[in-house]
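In what follows, a structure is listed as structure tokens, so that the remarks can point back to it.
Numbering (the working numbering), first residue to last: 93 to 1752.
See the structure below:
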């Protein structure tokens, strides 16, 4: 096709297919692309995204480089296919597919339009018919002159015409669309026809492309095979190499094993020696422990005796104190009575007495505190004297600075201070205390710091005997690698120091390998022949497990050509350092070579050694030094001097702590002046806690010593220490001597800290932390002078690193003060109330030697509220001055002093100034107070009790709030007689900001309006009033008893009482309603009443509502049923769960402790001498019981009623229930009148008529509880089939302390429930089981109540159940179930199904008549059948022939069972005869447990000894076999002869009766059945049958169809015998003939069939 022919179809297709974007490429495009593709591949057109995989495919083919794999294959015309041609093929295929899709879419649109047009035609036709019908109907109605129908039909006709017009318009529109669609379809079809040649071309190109892909796949398979072969060769080579390496590793491992065994033998030898010595040490320690234990026992005995004496003395003191208290109470009571008799307010007088006693007690305590402080100051002065003496003694050794000249002034200062503290001479007790303190201080300061350290070491050695065996085992028996390394390092360091000192000695004298003196070419060579760079191989700050490499350059510095050889490294470095060195050969002078040292540390220790070389001149070595990470700590200054500063300033200095090492460490600041070896490092927190506890005990002991009670306190401390030692015997050994030593050290340190002088110098916030490698931390020291004088502080910086020593730092500062100061710079007035006066004293102290003038200044804002008297005064030299501060806060404080007073918090802070004449700096002090209100506030201004009756009480709750920050007493005074205030009769105390709910109880006995006011008086005599109002009415109804007191009722039981509700109105009376006069004038009508018991209460009322006529009485029954609340049960369940969880955790801890103890035991050797394997740490105990996982409920709401937790909690509450008392108030609402009879208007319930019924309900523990059925009293038998009996048991227990005689109520004798056992007397704690039965007889629901009565309670149980009629169907319809013929001693089975469509499980039973116990035995039924009058040959007995073996011919599986609701059960019936017979039969009956029969079927079967059988015809024998079994081989000889001669034939009789009627004879027809039995025996599977002498039969009018045939196993055929009277047949003539029938199967049998034919007029 030329180019012009292809262009026009393309244009048309492009225009027609524009909607789908279809575009077809032409040959013109391909020709245009052809030259460009030949010249350069870059000019090829780009592929669309969906064909990008094609480009990847070509790139893969190009990479293969094989000519066979190139996608450019040879086409049929011999030309190569290009990449552009393939892309064009895919584009054409895609465009053609799009065109086909477009054609199918157009066809679908055309078909759719035609269907719409067809539907439109149908609508038009139906509308036309309807219009014609309507027109005809209009004509008929016009004729009938029915104008209404005419108008209706005309409107309908108009509507039909409109619809018809719209349908016609739609038809025209659809026609237009259909034509357009058909036109477009034709155009697309034309386009498809034009591109048919192009489609063929594309198909040919696709075929070529598939061929190309197949060739490429074959090529790739070949390449993959080649690559696989190469890979196999490589793998084989690798396996060989691995095998060689494995053999080498095995040899090395064997050598290591031998070396390890030798090491183990050596270690075992040393271990035996160690164990022997350990046993000796253990025996010695045991002896020491026994002696120590005896000492402790003696100490404990003495302690017990002392404790007993102390307890006795305490009892005597308690009795005396109790007697004194009673005596005081009696005196107070007598005093109160006497005061009341005199008319004096006893409460106020007693309160004043208590205040006076309290003030006196505080004065005594203040005097005691002053006394103790004087003693403490005296002790400090003595300590300072001892310190001065100590410095004097050491003056010769350490020269004192010039400040020692001021020490004599300390004595004068001490005398002045003692004179100021106590100007009176000291008493004898104080003198003794001072002497004791001096002796103690002398003994403590008599020795120097070195002697203290020696004493501490002696104490440690003495306590060292108490160490346990584990501590002695911590020391190694023989020196290990670590000891050798440490000693070697020390020796090497000492040698290096000596070498540095003696550098000038001759090199040969040192014996070093590196120091060589030799002459080469007349020149003297000193030192090694090779120079190492670096000179020392240093591996600094290494970490275990990492690898370090270092490059070393060796340079020949000798004067000749030299060479070097590596000899090795030091012995102790062989395991850690390896040298990579290749001998360079001869090196000229100045030449160098390289080597590499690889260091892989395995232990965290410093290592030193050398790498040894040999050379032509002399051997030499390169030193190697490996150092671990260490701490290098220093501070920039160890002495901090603050200089001179004024009191009140705050100055800080910074100390920089720098770590120049590569190891991080923990640091802490210790302010102890002397450090022991144990306290020189950072300790664990538990040790810090113990030291703090010891410090607090020592502080308390020092305070007791200061008060003169040194000796008794020491004795009590010795007793307590002895007791603690006794208690610590059973604990771990680590808490023994180490804890005592640590306590002693911390005691000494803390005692020294108490007497330090650095109180004004403190450390900053950073007191402990971690300092990293090469890091610096700034430590702040703050000086805040408060007392003039010199201040000093010595502290140490301790580190957790053992090798780092503590760094001591000394801090010094001097503070000076002004001559006048206020003793109490901050005066705290505590909490003050508005409009109340408060006073305090201001003491000013002067140390000046002249009198000074003082002026007290109060800021202007506070002059209305605060005043100081006197405002001006003179203070004498070295004396004090007292001024009086008066503070009267007023309500305008928040406005006057906004600057100083915070109105939100009530805090007042006022700065005050004291101006001193001649002193530039004034003295400042501060007055602080918290100002609060004294108001009591009610939550409302009026209490409205509403309307109430004269029979009820109304409670109104109000809230009283204390707005003050101080507690306030309150009381309601002068209350009316009809109002009551609770609690505590209206008296009490309100804490700060506390709100108390107060109940106002209003109870009036007169009907009127009440309006009154109650007053609440506070403790400061302020009154707060509350207005109240109420309306009291008289209700029309009256209760006979407004208070009902129930007896003690057990939980689960109930108590009932009956009260009367009376309407006392008469027809002449009228309602007394003061509110509405119209209602008051209404006539008296019947009243409605309604009781409203509390929700979720134990009260029920019947009737709860009703109507009463005037003068009528109604009986109301009130029942109290105590029960356990649901919330109480859930809370008890939570409590039980937490208790079980706690027990479980304790058990787990106990098991864990047992496992740890088991693991610590020494493994016991077995009989063979092997040790038992130790239990690993992560092993789990599999023998123990698995711990149940407890699911913790989040809250009580998650516990569902009926769950196990809920029932356990309920039972727990019942068993632990003691008693419960509750009171209920039940309102009875009474209506104003009865609504009208129409019921549209609701009755009006007036609150004035409401009655209240008070109920007092005590509940006690039940005597009987149900412990089965989850504790429920409802026994639900659920659904039970009618006729069946279900038994359930219910167990009750006597939980009371008395025996109970049980009796029960009488159940309905004609009902479905029954109690099967008798009740008896049960003792406390015993149980009794009630057996209950449910046997429904009808399909209905049953419910009955059973009461179990005792002398204490009645336990009611509800019995319920439902009778259901079972609905069971059988898949077999009943009747005969025929098994057919079976070979003897073989079996066959049939299955039918029972379907239970009822909602309950149904039991069934399958019975066979042959196995029925009611069936006569011994063949009596057969005899009755044979001797009976039944002569019908077709009748067969129910139970036919049975097996000779005694086994049942028919068997059923299962015999009985139960079918679940909606389920089915398969019943299998098996037929298994043991001898041939055709009379096998039985009857199968399926009945339910209620004796109803589901199905009854007769089972029949026959058995044959051969696989071929013939049956049919007339019966020749009776259907019941003989009672005697057949004779088996009675005459064996005759039987053998007969078998040899001939088998007997089997007779069959067939009678044919032709019917004669109206001159015509109907032929007689009979049928016989021939079958072949399917058998499992390996015999012949098929058979044949043959009728002989068929021709003779045809002469007599008989015809047999078929005459012969073949039978497959398991099939049967019907043989039809027909007799037609032949010509010449005489009436009433009997035609008889005999025909043999041969059956060939596993054996050949001959049946002798006798045919008898006759004509009868009565034949059927």
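C-beta: ideal position from N, C-alpha, C; glycine also.
From a predicted model like this one, the values you see are computed outputs, not experimental measurements.
Item                                                                                                                              : Value
Option in 1607, 913, 982, 1543 with minimal Cα separation from residue 1564                                                       : 1543
Close beta carbons around residue 1340, own chain, < 6 Å, minus the five adjacent residues each side                              : 1039, 1125
Top-ranked residue by Cα proximity to residue 1075, from 1090, 648, 1419, 1541                                                    : 1090
Exposed unless 16 or more other CB atoms sit within 10 angstroms - verdict on residue 1388                                        : buried
Delimiting residues of the alpha helix (DSSP H) encompassing residue 458                                                          : 438 to 485
Spatial neighbours of residue 863 in its chain, beta-carbon cut-off 7 Å, leaving aside the 5 residues before and after            : 749, 751, 756, 757, 759, 869
Proximity of residue 1676 and residue 1708 at Cβ, strictly below 8 Å                                                              : no
Outcome for residue 1481 when other beta-carbon atoms lying within 10 angstroms are tallied against a minimum of 16               : exposed
Whole-number beta carbon distance between residue 1425 and residue 1406, since they are thought to touch under 8 Å                : 5 Å
Residue 284 beta carbon near the ligand NAD (any heavy atom closer than 7 Å)                                                      : The ligand NAD is absent from the structure shown, which contains no ligand whatsoever.
Straight-line Cα distance separating residue 419 from residue 1358                                                                : 56 Å
Range of the contiguous beta strand (DSSP E) that encloses residue 352                                                            : No beta strand (DSSP E) holds residue 352; the alpha helix (DSSP H) holding it covers 288 to 434.
Counterpart residues of residue 44 in DSSP-defined beta bridges                                                                   : Outside the displayed range of the chain (93 to 1752) lies residue 44, so it cannot be described from this structure.
Limits of the unbroken beta strand (DSSP E) element including residue 1440                                                        : 1433 to 1441
Through-space distance from residue 1095 to residue 1127, alpha-carbon basis                                                      : 15 Å
Beta-carbon proximity list for residue 722, same chain, < 6 Å, skipping 5 on both sides                                           : 753, 755
One or two residues paired with residue 1462 in a DSSP bridge                                                                     : 1486
Contiguous alpha helix (DSSP H) assignments of at least 4 residues, all confined to the segment 220 to 293                        : 239 to 286
Secondary structure of residue 1418, DSSP reduced to three states                                                                 : coil
Among 1024, 1041, 1070, 1030, nearest to residue 1059 - alpha-carbon criterion                                                    : 1024
Spatial neighbours of residue 891 in its chain, beta-carbon cut-off 6 Å, leaving aside the 5 residues before and after            : 757, 759
Reduced DSSP category for residue 1741 - H, G, I as helix; E, B as strand; rest coil                                              : strand
Per-residue burial, residue 1313 [other beta carbons within 10 Å of its own, 16 or more giving buried]                            : exposed
Start-end ranges of the beta strand (DSSP E) lying completely within the segment 660 to 713, minimum 3 residues                   : 669 to 672, 684 to 691, 699 to 707
Three or more C-beta pairs below 8 Å linking the segment 1457 to 1474 and the segment 1435 to 1446                                : no
Backbone secondary structure at residue 1747 - three-state DSSP                                                                   : strand
Beta-carbon contacts of residue 745 that lie in its chain and below 6 Å, excluding the five residues immediately before and after : 732, 873
Beta-carbon proximity check, residue 1648 vs residue 1530, cutoff 8 Å                                                             : no
Own chain residues within Cβ distance below 6 Å of residue 519, not counting five before or after                                 : In this prediction, residue 519 has a pLDDT of 45, which is less than 50 and means its spatial position is unreliable; nothing more can be read from the coordinates.
Within 8 Å, strictly: CB atoms of residue 1591 and residue 1561                                                                   : yes
Cβ-Cβ separation, residue 974 to residue 935 (assumed contact under 8 Å), whole Å                                                 : 6 Å
Nearest-angstrom beta carbon gap, residue 720 and residue 697 [assumed within contact, 8 Å]                                       : 7 Å
Three-state secondary structure (DSSP) of residue 1045                                                                            : coil
Selected residue, minimal CA-CA separation from residue 1496, among 417, 282, 1584                                                : 1584
Residue 1050 - partner residues in DSSP beta bridges                                                                              : 1090
Residue 1732 versus residue 1586: straight-line alpha-carbon distance, rounded                                                    : 44 Å
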